[in-house]
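Below is one structure, written out as structure tokens; the observations come after it.
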Amino acid sequence: MDSYQLLFVIVFGINLLPAFGPPTWSIIVLYGLGTQLPTVGIILTGALAAALGRFALAHAFRMLGRRVPARIRSNLAAAREALERNKRGGLVALGLFALSPLPSAQLFEAAGLAHVRLAGFTAAFFAGRLVSYTIYAVTAKGIQKTSLGEQFLQSFTSPASIALQLLMIAALVALARVDWQKRLGGNRVEEPR
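Take a look at the structure:
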């Protein structure tokens, strides 16, 4: 397996994790510092693998959604309808979110449960990751002065990292429990199949 394939498999696998996966930027930085691969190749491979991993995660949650109670499915359908009415704003927000270092797993899990159209959603995520991974890869030289192993371990075990993951999971649960039809003033929405 060559270096690009290994990078793809690692990043894709990490982005399949519903929570507590290491941040993909750390893999991008590690590859930037530890291999002779061109930075552009690392960025493109990492962004593509991340987007496809999140796309697959959303589809897995879409299938899991069949086991969610009907009331929650109806609420999520109303949230999807509101998002689809304002596509531009939703894609801009997703693009900005993708630029941030915040975990995106729960966002894609919610999109899968709500049956959001994933092509544009994933494309905006890919574009945002191209920008953020470029920033991380290009500034990797500054990280050489710190212990990358400690940084990597800290991303897993720091109280702030664990709290953020738990907060994102709680937000996903809360999102599913909101009565979106009532809040958005919409009519009953037919549940996706």
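Take the position in the sequence shown, starting the count at 1, then add 6; the result is the number in our numbering. From the three backbone atoms N, C-alpha and C, an ideal C-beta is built for every residue, glycine too.
- Collapsing the DSSP output to three states places GLN112 in a helix.
- Linking ALA53 to ARG77 through their CA atoms gives a straight-line distance of about 36 angstroms.
- Distances from the CA of LEU178 to each of ASP8, GLY59, PHE67 and TYR37 were compared; the closest alpha carbon is that of PHE67.
- When only Cα atoms are considered, LEU63 and ILE175 end up about 15 angstroms apart.
- Note on LEU70: under 16 other CB atoms within 10 angstroms of its CB, so exposed under the neighbour-count rule.
- 7 angstroms or more divides the Cβ of PHE114 from the Cβ of ARG183.
- In the three-state scheme derived from DSSP, where H, G and I count as helix and E and B as strand, PHE26 is classed as coil.
- Counting every other CB atom within 10 Å of its CB across the protein chains shown gives ILE168 a total below 16, marking it as exposed.
- Here TYR142 is actually not in contact with VAL17; their C-beta atoms are around 12 angstroms apart, not less than 8 angstroms.
- Annotated three-state conformation of PRO165 is helix, per DSSP.
- In the assembly as shown, ALA57 is a buried residue. Its beta-carbon has 16 or more other beta-carbons within 10 Å.
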